[in-house]
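See structure below.
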Amino acid sequence: MTAKVALHTWINRSSSMTRTSFLFVGIAVVCSLFADISITTLDPWGEFSRMAKGVLAPDFLAVADIGFVIVQTVAFALCGVALGAIGGFFLAQVFHIGPVRWTCAFVRAIHELFWALIFLQMLGLTPLTGVLAIAIPYAGICAKVYAETLEEAEAPAVRILPSGSSNISTFFYARLPDVWIHIKNYTSYRFECGLRSSAVLGFVGLPTLGFHLETAFSEGNYSEAAALLIIFYVLIMTLRQWVRPKLLGIYIMVAPFLLGAGATIDMSNVARFFTHDIIPSPIRNGDLSGAAAWQNMVNWLQELLLNQAIPGAIATVLLTQIALVLTGAVALVLFPLISEKFLGRIGRTLGHGFLVVLRSTPEIILAYVFLQLWGPSMLPAIVALALHNGAIIGHLMGRYSDNVRLRPDSPRGLNRYSYEIVPRIYGQFLVFLFYRWEIIMRETAILGILGIMTLGFFIDSALADIRLDRALFLISMTAFLNIGIDILSRRIRLRLRLSQQVEPV
């Protein structure tokens, strides 16, 4: 009877996962009917040919002081991640308090580039702008992960402590040592993310690799762009060789002195930002003592919602849902490249290198490349998001599939893929996919600064017009959209009874 119940439960769970998958595919198909996926460039194949020639002949000497550019990229990442990790560690101790938890959710829902655009208005093009743009969202992310790690960890040492031990002693001598390795590993992963974030901050003018990449692409210097990307890949792939625990403290102490100089911070600009710039213009330009003044405020909100916020949010959701399903398809195609169940050592090594390149390239850089080929439609963003996130999930699925035990009479080739491996790892595949859903939404919004009509496009336009009140309203809307997607994703995972634990990559 127990076996029958277990079988019935498994069948129901599989049926629910199948229905959910087809529902998301159907939503993506409907979204594609309303999405702009046109190719607007006159000669995309000619441009692709020029890019290919640049990749085959990278020019490593084209960028002056390339060594210092790399050092600054690493320095921004080190400083930002260090501050974020320290802040997140302290916030994790009070993460159970509602306002702290909500604040962390809000700040981590805003992309690092949006934070950089905010701080540019206050602090100008200074090193502090780049450091805070990484540190603030990373503090919210680390607080959540550290808090969950501390809550879920088994701490047998707590039970053998003398009675009356203080909370501080219990934490440092029992709870923290038990989870320290997990916190250290996650922080190492967050540093890799920080390197990617540091690189793309160059798209707003900070002196990192992204600044020189954008310049090279915009000028058609594809040999220089290829060299910069290769350097970035090597930087990511050799992390374990040059980030050693014994040297990390020295790196962090030296990093602030390597950020370079920038504009002088004017505190009057900071004060003006909070007391004038972000105040809605109807309030800023008059009082709210009469009905006419309130009507002006309503008109301001109505115009902003109807002409920018709602169209931008719809475009963001459309693009996200299409990219989410395509991400899943890419992951299902790519994961055999690193799976022991399908390829030998040489094949897996080549596949691993291919996936490293895809997942190490930030979406905004991929989208920027595809924009040069196809023009400013949703197509470059969709393909960029799908390739980057598909490579991440494909890597996770490949490693997960290695743990699947095959029967002695297991089929080979396509039959093994279709009837043996995929059905057995499909639940975990959905976990990975739903885990990336909110991240895809964050990236979708920020890709608007490249000219794609998502919320980021309207945010960038508002900042260009120095309408900071509108920009902050729209940035807040992206945060609430991300929070909503995160809540929905969690509820779907709980309903499907999927594991909540995901190994980060």
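Following my numbering from start to finish, the sequence shown increments by one per residue and tops out at 505. Even for Gly, the Cβ is constructed at its ideal location relative to N, Cα and C. Remember, it's a predicted structure, so these values are computed and weren't measured experimentally.
Only residues of its own chain outside the window of five on either side were considered, and among them Gly456 and Asp460 have a CB closer than 6 Å to the CB of Ile449, listed in chain order. Within the stretch 32-67, complete alpha helix (DSSP H) segments of at least 4 residues are found at 44-56, given in chain order.
For Leu304 and Glu438, the gap between their C-alpha atoms comes out near 24 Å.
Excluding residues up to 5 positions away in sequence, Pro58, Asp59 and Phe60 lie with their Cβ nearer than 6 Å to the Cβ of Ala227 in the same chain. Looking at Ile322, Ser281, Met51 and Phe257, the one whose alpha-carbon comes closest to that of Ile382 is Ile322.
Taking the C-beta atoms as reference points, Pro127 is found no nearer than 9 Å to Ala28.
Cβ neighbours of Thr275 within its own chain (closer than 8 Å, five residues either side excluded): none. Shown here, Val69 sits in a helix according to DSSP, grouped into three states. Listed in chain order, the non-local C-beta contacts of Gln93 below 6 Å within the same chain number zero, local neighbours out to five positions each way being set aside.
Taking all protein chains in view, the Cβ of His388 is crowded by 16 or more other Cβ atoms within 10 Å, so the residue is classified as buried. For the set Leu120, Val71 and Tyr138, the Cα lying nearest the Cα of Thr103 is the one of Tyr138. Going by C-alpha positions, Val81 is about 6 Å away from Ala135. If you check the CB distance, Thr478 and Thr327 do not come in under 9 Å. For Gln241, the enclosing alpha helix (DSSP H) has its first and last residue at Leu239 to Trp242. Here the stretch 358-374 makes contact with the stretch 180-200; the two share three or more CB pairs at distances below 8 Å. An exposed status is given to Ser218, since fewer than 16 other beta-carbon atoms sit within 10 Å of its beta-carbon.
The beta carbon of Val357 is closer than 7 Å to those of Tyr233 in its chain, skipping five residues each way along the sequence. Comparing alpha-carbon positions, the option among Gly210, Pro311, Arg405 and Arg493 lying closest to Ala35 turns out to be Pro311. Distances from the alpha-carbon of Phe429 to those of Ala331, Gly87, Gln372 and Cys31 put Ala331 closest. Between Gly140 and Phe76 a beta carbon distance of about 18 Å is seen, past the 8 Å cut, so the two are scored as non-contacting. Cβ-Cβ distances below 6 Å link Ile278 to Leu468, Asp469 and Leu472 in the same chain, with the five nearest sequence neighbours on each side left out; the list follows chain order. DSSP, read as helix, strand or coil, puts His276 in helix. Rounded to whole angstroms, Asp65 and Arg19 show a C-alpha spacing of 55 Å. The C-beta of Gln308 has 16 or more other C-beta atoms within 10 Å across all chains shown, which makes the residue buried.
Between Leu433 and Leu324 a beta carbon distance of about 7 Å is seen, short of the 8 Å cut, so the two are scored as contacting. Excluding the 5 residues flanking it on each side, Ala105 has same chain C-beta neighbours closer than 6 Å at Ile483, in chain order. Pairing Gly394 with Phe480 gives a Cβ-Cβ distance that is not under 9 Å. The shortest CA-to-CA distance from Val204 to any of Pro411, Thr215 and Thr444 is the one to Thr215. If you ignore the 5 residues before and after Trp300, its C-beta comes within less than 7 Å of the C-beta of Pro280, Ser281 and Pro282, all in its own chain and listed in chain order. Gln372 is the residue among Leu343, Thr264, Gln372 and Val69 whose C-alpha sits nearest the C-alpha of Ile39. In the structure shown, Gly484 falls within a helical segment according to DSSP collapsed to helix, strand and coil. The straight-line gap separating the alpha-carbon atoms of Gly427 and Met17 is approximately 7 Å.
The straight-line gap separating the alpha-carbon atoms of Val71 and Pro207 is approximately 10 Å. Around the C-beta of Leu33, fewer than 16 other C-beta atoms lie within 10 Å, and the residue is accordingly described as exposed. In this structure, the beta-carbon distance from Ala147 to Leu195 does not fall below 9 Å.
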